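Protein chains in written order, with my numbering: chain B, 116 to 424; chain R, 13 to 206. Worksheet: the structure to be examined is printed underneath.
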Amino acid sequence: MNFAYYPGCSAAGSSADYEMSTRAVCRALKIGLQEIPDWNCCGSTPAHAVDTELSAALCVRNLDLAARMDAATVVTPCPSCLSNLKHAGKRMENPDFRARVNELLDNPAAETLPEVTSVMQGIASCRSAADIAANVCKPLKGLKIAAYYGCLMSRPAGLMQFGDPENPTLMESLLAACGAEMVDFPLKTECCGASFGIPERPMTAINSGRILEVASNMGVDAIAVACPLCQMNLDLRQKQASKAVNVFFNMPVLYYTQLMGLAFGFDPRELGLHKLCVSADPLLQKLDGLRREEALAEAKAKAAEGGNA
Amino acid sequence: MNNAIDISRMRDPSFTAEVEAQSGQKVSTCYQCGNCTAGCPASFVYDRQVNQIMRGVQLGLKDQVLNSRSLWMCLSCSTCSLRCPNDIDVAAVMETLRHMARKEGRVTVPKVEKFWFSFLDTVRRFGRTYEIGTMALYMLRSMRVFTDVDLAPTALAKQKLGFKPHVTPNGGAEAVGRILKRYEERAKREGVRP
């Protein structure tokens, strides 16, 4: 299975670890990601907050490049890029809107623009739970994980098509196929405070703090995320969140692809785990410990069996 | 603090129609259940709550609505839209209001807009976001030079921020620059603030 791939700007900066692990997991699952040549920024929140047509023009340039790659579907790991690209594609169906956007572009956009979906849905569309389980060589069994989607992945529901917009379960399915124990996380689609970390820090810190507090009260080993901005707010800004809600946290926040990659047996460095601000070492040690105990118990059972025979 | 909307003030019925036309939403069907406000993650920094903004639109209270700080603090998370029993895309209404306010030069929380422009400036220049550049421009614009300095040691140690901008390789940056230029020229022609 091949997809056109839109990495998004943070892939080259703050979420290089997401990029590394996404590529690793797709490689293991034999899913081809063909990067859109010369892609540009989707404009993110600033562009759509300033003007809808400007935001669409930035997105459509990418969709137009993808249309020429003759890929039916574009996948992107970042929910903010996903939301912008999908909104733009949808709005281009309106001829008046299309004409206004075309005015901003070098060349009018292709008549038919490709579908856009998340890498997560892309994986699920062509690989079953059994396919994923078949790649697992180091099960995550014994790790308790909270899946956190953030706000953009599932909303607006009609456009994003991500299952129940208040209770999506796709990330749970993927990680459960890797053996993880997924908790029923009530804040999974609450907003983390998004890009306001810079201009309005208290708002972001309080929202992220609540998410971290509930997850840590549930006794999870880590929070799994799918969004570079959520990851940054919960990980890099964890101390700020901690101060805002007056609770100390030491909660690793991993991309779901990093967890899948661990289960697939990739080296933690290959998955960019060294880039996490809150270290995932305790989690890795716990996982190694669990698997070692299991191997030991298995060996003992075999030895006992051998003795009996 | 008095949060009540004073309906004896100047009302502008054409404002209601304009918001409905631009957002494509029937704001008049809002019956003030308050679900949008109940779920809003930014409500605690709003000067007027989302449901009050919706009521203000219905009543045509243009100044009170467009001068609200809330428009600038909205996180665009769409929780309000999802939970509206009358299927109003409340987040789209908020976005429309933000656009209307901006185009008229009503920017009640300038630091938020400064952040957006700092971000877009790097996109214009390089075709892609340049995180350190965005921060630097924002600090210059807002005079808030100590923004997030507490994060710098970790962010740099973990190489979370690239020092070098990522320029699109084959003319993409120039193409993006042209998109932004055309957008600004058109806004000028149409007499609105870009």
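Backbone N, C-alpha and C define an ideal beta-carbon position, used for all residues, glycine too. If you're wondering where the values come from, they're calculated on a predicted model, not measured in any experiment.
A residue is called buried once 16 or more other Cβ atoms fall within 10 Å of its Cβ, and R:Y43, having fewer, is exposed. Interface annotation, R:I100: not in contact with chain B, CB-CB separation never under 8 Å. In this structure R:V121 does not touch R:V62 by the C-beta definition: roughly 16 Å separates them, more than the 8 Å allowed. In this structure the stretch 180-197 of chain R lies against the stretch 167-177 of chain B, because at least three pairs of beta carbons, one per stretch, are closer than 8 Å. One finds N155, C156, L173, R176 in chain B with Cβ atoms closer than 8 Å to the Cβ of R:V188, taken in chain order. Boundaries of the beta strand (DSSP E) around B:E150: 147-150. For B:S233, the enclosing beta strand (DSSP E) covers residues 230-233. The C-alpha of R:M151 is placed about 5 Å away from the C-alpha of R:V157.
At a cut-off of 8 Å between C-beta atoms, R:P181 counts as an interface residue with respect to chain B. Beta-carbon to beta-carbon, R:Q76 and B:K390 are separated by about 46 Å, too far to satisfy the 8 Å threshold.
Taking the CA atoms as reference points, R:P165 sits about 19 Å from B:A127. Runs of the alpha helix (DSSP H) lying entirely within the stretch 167-244 of chain B, each at least 4 residues long, are 167-182, 194-206, 210-219, 234-241 in chain order. Inclusion of R:F127 and R:K74 in the CB contact set at 8 Å is not warranted, their separation being larger than that value.
Closest in alpha carbon position to B:M207, among B:L169, B:V393, B:V234, is B:L169.
Counting only residues of its own chain and dropping the five nearest sequence neighbours on each side, B:R215 has a CB closer than 6 Å to the CB of E168. Contact annotation: R:G117 and R:R198 have beta-carbon atoms that are not nearer than 8 Å. Looking at the DSSP output, B:N117 bridges to B:G147.
Among the CB atoms of chain B, one or more fall inside 8 Å of the CB of R:G184.
One thing to note: R:G145 has its Cβ no nearer than 8 Å to the Cβ of R:V179. The C-beta separation of B:S195 from B:T160 comes to about 7 Å, placing the pair in contact by the 8 Å criterion.
Taking CB atoms only, B:V165 has a neighbour in chain R less than 8 Å away. Using a Cβ-Cβ cut-off of 8 Å, B:D211 does not count as an interface residue toward chain R, since no Cβ of chain R sits closer than that to its own. R:G68 and B:R213 have their C-alpha atoms some 32 Å from each other. Closest by C-alpha distance to B:F311, out of B:M347, B:A419, B:E296, B:L398, is B:M347. Taking the beta carbon of B:D221 as reference, the chain R residues within 7 Å of it are A187, R190, listed in sequence order. Between the alpha carbons of B:C307 and B:I326 lies a gap of roughly 7 Å. For B:I313, the chain R residues whose Cβ falls inside 8 Å of its Cβ are F127, M147, Y150, T159, D160, in order along the chain. Look at the beta carbons and you see the stretch 327-335 of chain B touching the stretch 251-261 of chain B: at least three pairs across the two are nearer than 8 Å. Classified as exposed, B:P397 has fewer than 16 neighbouring CB atoms from the shown chains inside 10 Å of its CB. The straight-line gap separating the alpha-carbon atoms of R:T49 and R:A16 is approximately 15 Å.
Non-local C-beta neighbours of R:C89 in its own chain, meaning closer than 7 Å and more than five positions away in sequence, comprise P53, ordered along the chain. Sequence-distant Cβ neighbours of B:R242 in its own chain, meaning closer than 6 Å and more than five residues away, are L144.
In this structure B:G237 is buried. Its beta-carbon is surrounded by 16 or more other beta-carbon atoms within 10 angstroms.
Counting other Cβ atoms within 10 Å of its Cβ, R:V161 stays below 16 and is therefore classed as exposed. Taking the CA atoms as reference points, B:Q353 sits about 10 Å from B:A359. Within the stretch 262-295 of chain B, contact with chain R at the beta-carbon level (separation under 9 Å) is assigned to G265, C266, L267, S269, R270, P271, A272, P280, E281.
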